[in-house]
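In our numbering, the protein residues as written are 35 to 227.
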């Protein structure tokens, strides 16, 4: 398993595929263990790195993950087969903005298109168990959310502004209270009030 994880990290780096930082994965794993999370919906599979990291914590954990990029989806399928976690992880080739599920989850993990975070949150909050949480990753976006001088082009500036808008959305949300953590690339945990 560890060898496969290392290979996935190398593949992601070589192919410029964003995966969760070690610190963020450790934080997420600790949260899952401490809160006995069993059902997870992940928006944004990429190559299956975080889904595998979450599923391997406990054989009773089940992850449903959604990826819209066919090449990444195929790589994730391959990685799931290699790690023998296919029984614990269901991966769907779909756009998270149109994917549909009636299931309720202990944890919803948002790690997909940053510009769509508000839409993802609003679309899937109905799928959260009453005592569940929504965890959002990449809220620092490589430090650019806090330090605008690092932004080199207009598209990146627009994306950073959308991430800031999402942060304000979480801070001012009437239904959820959110805690922000300066871990990895910035993580938020939102719970119903």
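We put the beta carbon where it would ideally sit given N, CA and C, even for glycine. Because the structure is a prediction, the values reported are computed rather than measured.
Residue span of the beta strand (DSSP E) that contains residue i, given as start and end
i, result
"residue 221", "221 to 226"
"residue 133", "Where residue 133 is concerned, there is no enclosing beta strand (DSSP E), given that its DSSP letter is neither H nor E."
"residue 96", "96 to 101"
"residue 168", "162 to 171"
Range covered by the alpha helix (DSSP H) that runs through residue i
i, result
"residue 79", "Careful: residue 79 lies outside any alpha helix (DSSP H) and carries neither H nor E."
"residue 142", "That residue, residue 142, is in no alpha helix (DSSP H); its beta strand (DSSP E) goes 139 to 144."
"residue 108", "104 to 117"
"residue 56", "56 to 68"
"residue 39", "36 to 48"
Alpha-carbon to alpha-carbon, residue j and residue i
i, j, result
"residue 208", "residue 174", "23 Å"
"residue 164", "residue 42", "34 Å"
"residue 215", "residue 87", "20 Å"
"residue 89", "residue 187", "37 Å"
"residue 92", "residue 221", "22 Å"
"residue 85", "residue 224", "20 Å"
"residue 202", "residue 74", "25 Å"
Outcome for residue i when other beta-carbon atoms lying within 10 angstroms are tallied against a minimum of 16
i, result
"residue 102", "buried"
"residue 35", "exposed"
"residue 206", "exposed"
"residue 107", "buried"
"residue 128", "exposed"
Selection from the options that minimises the alpha carbon distance to residue i
i, options, result
"residue 154", "133, 57, 123, 55", "133"
"residue 119", "94, 143, 193", "94"
Pair within 8 Å by beta-carbon distance, residue i and residue j
i, j, result
"residue 139", "residue 166", "yes"
"residue 98", "residue 141", "no"
Closer than 8 Å to chain C by CB, residue i
i, result
"residue 91", "Among the chains in the structure shown there is no chain C, since it carries only a single protein chain."
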